[in-house]
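Q:
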Amino acid sequence: MSNSGLQPTIDLEVYRYRPEQQAEPTYDTFTVPLRDEWVILDALNYIKDELDGSLSYRWSCRMGVCGSCGMMANGEPVLTCAAFLKSYAPGSIRVEPLANFPVARDLIISMDDFMEKMNRIQPWIITDEEKPLEEGEYLQTPDQVDEYKQFSMCINCLLCYSACPIYGMEPSFIGPAAIALAQRYNLDSRDHGQETRMDILSTDDGIWQCTFVGECSEVCPENVDPAGAIQRYKVTSTNDWWKSKLLPWTSKQ
Amino acid sequence: MTYGRYQKYHPWLYEPRFPILWWIKKWAYIRFILREMTSLAVVFYAVVLLLYVNAVSDGPEAFAAFTAWLKSPLSISLHAVAFFFLVFHSITWFNLAPKAMVIHIGAKKVSGSVILAMNYLTWVVVTVGLFWLLTF
Amino acid sequence: MVKRSNEPFWWALFGAGGVVAALCLPALLFMTGVAFPLEWLAAPDYESLYGLFENPLVRLAILAIVSLSAFHWAHRFRFTLYDGLHIKHLNAPVALFCYGSAIAFTGFAALSLYTF
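Protein chains in written order, with the numbering used here: chain A, 2 to 254; chain B, 11 to 146; chain C, 472 to 587.
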């Protein structure tokens with residue numbers, strides 16, 4: 002790294018939290034080269050390689066597929082592998098761990114809460130009975146695939162949880178990605194688990210906490226539209242409720 | 011109590027407190043709160059509309075008194091502010107409706123823009139109808 | 472068996488009120504609150520308004536508009552307080568105040584429109 006005097010630079014204010022050393026987080030400022038092709042993740046890798054090897058953060062694929070490098074950049078949840086430095090220049094970038102989650106170290110959050118919720122909505126195909134093998138595959142038409150395809154694109158990056166003030170206030174809220182994932186299976190023609198998931202999602206911790214702020218869908222890097230999934234589910238759940246009150250003999254239980 | 015829920019078994023986790031005035035931090039959140047505030051304009055006008063009908067029911071003097079109040083600067087300014095909130099409510103309501111409403115014709119999903127267009131068309135028809143009802 | 476929420480009841484009223492308010496209220500408010508008082512439009516005279524409101528179908532429509540609008544407010548405002556001020560611990564009294572007001576207002580509206 003010679004010619005550093007000629008190379009334009011940008012400052013990163015990086016959130017630091019080392020639980021064995023500090024009770025409250027602090028910020029360290031690092032000056033890194035401002036290169037056209039560099040994203041925030043490249044700058045963090047530069048810091049770790051050249052300036053401070055103790056910086057901790059998660060990353061893997063660096064191409065928007067693995068969903069592990071989500072962080073707050075100037076207060077907005079982003080995938081740092083898709084956030085170019087030059088779009089923040091001139092000016093510095095404040096890099097923080099994803100909002101609304103407890104911080105384990107530096108830029109690393111604990112995602113235990115999400116893992117538990119994702120499991121709770123039973124994100125797998127539930128069938129009443131397995132078809133015998135000789136009957137062949139479970140076929141779907143392109144229209145049937147279109148029903149759920151959008152909701153199946155989630156990479157569990159948790160940007161939606163960071164954008165959701167309801168989750169920030171009420172951590173018991175099941176939250177955008179888990180509900181969108183539930184819809185992904187509910188709307189799959191091969192699945193028969195709607196009733197089971199309805200029991201989980203139409204409680205007060207499920208969809209009814211949502212007031213449709215809509216930011217989850219704005220920040221989603223895969224256009225999953227969790228806000229849309231939740232509103233659709235409110236309609237389904239409402240129809241279900243009225244049916245069970247007005248036409249009780251039509252419901253299964 | 012949700013804050014500090016990790017403290018017992020994971021004391022090393024740092025848990026930031028969620029700010030009470032979270033909605034002033036971002037334009038998108040301010041817009042959200044403004045959208046939610048439109049309900050005040052809705053209930054304000056629901057009350058005014060009922061008073062309007064009641065004034066007609068109470069006779070010409072009561073109606074004249076109510077019309078005089080409607081002409082006061084206070085009433086005009088309240089109504090002007092409420093009008094902008096109501097239009098904001100209509101626009102946000104119609105724009106967000108396609109997210110919740112999914113309509114199928116046969117096996118095909120009707121696209122969101124068609125639903126959006128239907129919403130605005132209905133709005134225009136109802137508005138014209140109400141103008142016709144009250145001004146002719 | 473988990474307890475399903477009764478929120479759908481209030482949400483359905485909120486949704487119906489939202490549609491009615493979005494379709495009807497801007498035009499009505501613009502006329503009675505702005506255009507008639509400022510004489511941008513010729514206001515209907517007392518007799519023709521009386522004739523209009525004498526029609527029970529018109530009064531039924533007005534009852535639907537004002538009542539659903541009130542329930543729309545009740546539900547939305549309850550969550551505005553809940554989200555905007557973090558008063559989850561006051562959930563029960565806030566809900567009672569909001570929905571109670573809407574129910575009382577509907578009763579008052581029904582009575583006064585019935586005895587027009």
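Glycine included, every Cβ here is placed at the ideal spot set by N, Cα and C.
Is there a Cβ of chain A sitting closer than 8 Å to that of L144 (chain B), yes or no?
A: For L144 (chain B), the answer is no, since every Cβ of chain A falls outside 8 Å of its Cβ.
Q: Expressed to the nearest angstrom, what Euclidean distance is found between the alpha-carbon atoms of V220 (chain A) and D554 (chain C)?
A: Roughly 20 Å separates the two Cα atoms.
Q: Beta carbon of P497 (chain C), beta carbon of V53 (chain B): below 8 Å?
A: In this structure, V53 (chain B) does not lie closer than 8 Å to P497 (chain C) by Cβ.
Q: Ignoring anything shorter than 3 residues or poking outside the region 55-114 of chain A, list the beta strand (DSSP E) runs there in chain order.
A: Taking only runs of at least 3 residues, the beta strand (DSSP E) segments lying wholly in the region 55-114 of chain A are 71-74, 77-80, 94-97 and 104-106.
Q: Decide yes or no for the touch test of the region 232-243 of chain A against the region 102-112 of chain B: beta carbon pairs closer than 8 Å, at least 3 of them.
A: Segments in contact, yes.
Q: When the Cα atoms are used, what is the spatial distance from A51 (chain B) to S540 (chain C)?
A: Straight-line Cα distance between these residues: approximately 10 Å.
Q: Do you know how far the Cα of S85 (chain B) is from the Cα of I79 (chain B)?
A: Ile is not the amino acid found at residue 79 (chain B); the sequence shown has Trp there. Going from the Cα of W79 (chain B) to the Cα of S85 (chain B) covers about 7 Å.
Q: Hey, does P166 (chain A) have any beta-carbon neighbour from chain C nearer than 8 Å?
A: So yes, P166 (chain A) belongs to the interface.
Q: Any beta carbon from chain C within less than 8 Å of I125 (chain B)'s own beta carbon?
A: False, the Cβ-Cβ gap to chain C never drops below 8 Å.
Q: Within a Cβ cutoff of 7 Å, which residues of the same chain sit near D189 (chain A), ignoring the five residues on either side of it in sequence?
A: I126 and Y149.
Q: In terms of residues, what are the limits of the beta strand (DSSP E) holding I11 (chain A)?
A: Note, I11 (chain A): beta strand (DSSP E), T10 to R17.
Q: Using only the alpha-carbon positions, how far apart do F31 (chain A) and D12 (chain A) sit?
A: Straight-line Cα distance between these residues: approximately 6 Å.
Q: Short of 7 Å in beta carbon distance, which residues of its chain neighbour P20 (chain A), apart from the five on each side in sequence? Order them along the chain.
A: Answer for P20 (chain A): R106, listed in chain order.
Q: State buried or exposed for W242 (chain A), treating a residue as buried only when at least 16 other CB atoms are found within 10 Å of its CB.
A: With 16 or more other Cβ atoms within 10 Å, it is buried.
Q: Is any beta-carbon of chain C found at less than 8 Å from that of H20 (chain B)?
A: It does not; no Cβ of chain C falls within 8 Å.
Q: Going by other Cβ atoms of all chains shown within 10 Å of its Cβ, with 16 needed for buried, is G54 (chain A) buried or exposed?
A: Answer is exposed; the Cβ neighbour count stays below 16.
Q: Quick one: what's got a C-beta closer than 6 Å to P26 (chain A)'s C-beta in the same chain, skipping five residues either side?
A: Y16 and Y18.
Q: Considering only residues of the same chain and omitting the five flanking positions on each side of S203 (chain A), which have a CB-CB separation below 6 Å?
A: Within the same chain, S203 (chain A) has close Cβ partners S238.
Q: Taking C-beta pairs closer than 8 Å, name the residues in chain A that W32 (chain B) reaches, listed in chain order.
A: Per Cβ cutoff of 8 Å: P166, G169 and M170.
Q: In three-state DSSP terms, what is K119 (chain B)?
A: Correct three-state label for K119 (chain B): strand.
Q: Nearest by alpha-carbon distance to G169 (chain A): which of A:I180, A:D129, A:Q210 and A:S153 is it?
A: Here the closest residue by C-alpha is A:Q210.
Q: To which residues does DSSP link D29 (chain A) through a beta bridge?
A: Its beta-bridge partners are A:V15.
Q: List, in chain order, every chain C residue whose beta-carbon is nearer than 7 Å to that of W3 (chain B).
A: Look at the range of chain B in this structure, 11 to 146, and you will see that residue 3 (chain B) is not part of it.
Q: Can you grab the Cα-Cα spacing for the pair P124 (chain A) / G504 (chain C), in whole Å?
A: Taking the straight line from one Cα to the other gives about 53 Å.
Q: Let me know if G194 (chain A) comes out buried or exposed under the rule of 16 or more other beta-carbons within 10 Å of its beta-carbon.
A: When all chains shown are included, G194 (chain A) counts as buried.
Q: At the 8 Å Cβ level, is W133 (chain B) part of the contact set with chain C, yes or no?
A: It does; some Cβ of chain C falls within 8 Å.
Q: Per the DSSP calculation, V40 (chain A) is bridged to which residue(s)?
A: V40 (chain A) is bridged to A:F85.
Q: Cβ of P227 (chain A) within 8 Å of Cβ of A183 (chain A)?
A: No.
Q: Quick one: measure Cβ to Cβ for L534 (chain C) and A580 (chain C), integer angstroms, because I've assumed they're closer than 8 Å.
A: About 6 Å separates the two Cβ atoms, so the contact holds.
Q: Is DSSP giving H557 (chain C) helix, strand or coil here?
A: In this structure, H557 (chain C) counts as coil in the three-state DSSP scheme.
Q: Using a Cβ-Cβ cutoff of less than 7 Å, which residues in the same chain neighbour I115 (chain B) once the five nearest sequence positions on both sides are dropped?
A: If we look at I115 (chain B) and ignore the five residues flanking it on each side, it has no Cβ neighbours.
Q: Does the beta-carbon distance from A100 (chain A) to I180 (chain A) come in below 8 Å?
A: No, they are not a contact pair.
Q: Determine the direct distance from the alpha carbon of F104 (chain B) to that of T212 (chain A), and round the result to whole angstroms.
A: Going by the C-alpha atoms only, they are around 16 Å apart.
Q: Relative to the C-alpha of G488 (chain C), which candidate in C:F501, C:G522, C:L556 and C:H543 has its C-alpha closest?
A: Answer by Cα proximity: C:H543.
Q: Throw me the rounded Cβ distance for the Y28 (chain A) and L45 (chain A) pair, which I believe falls under 8 Å.
A: Incorrect: roughly 14 Å between the Cβ atoms, too far for contact.
Q: Based on Cα-Cα distance, which residue from C:A566, C:L523, C:I558 and C:A563 lies nearest to L584 (chain C)?
A: With distances taken between Cα atoms, L584 (chain C) lies closest to C:L523.
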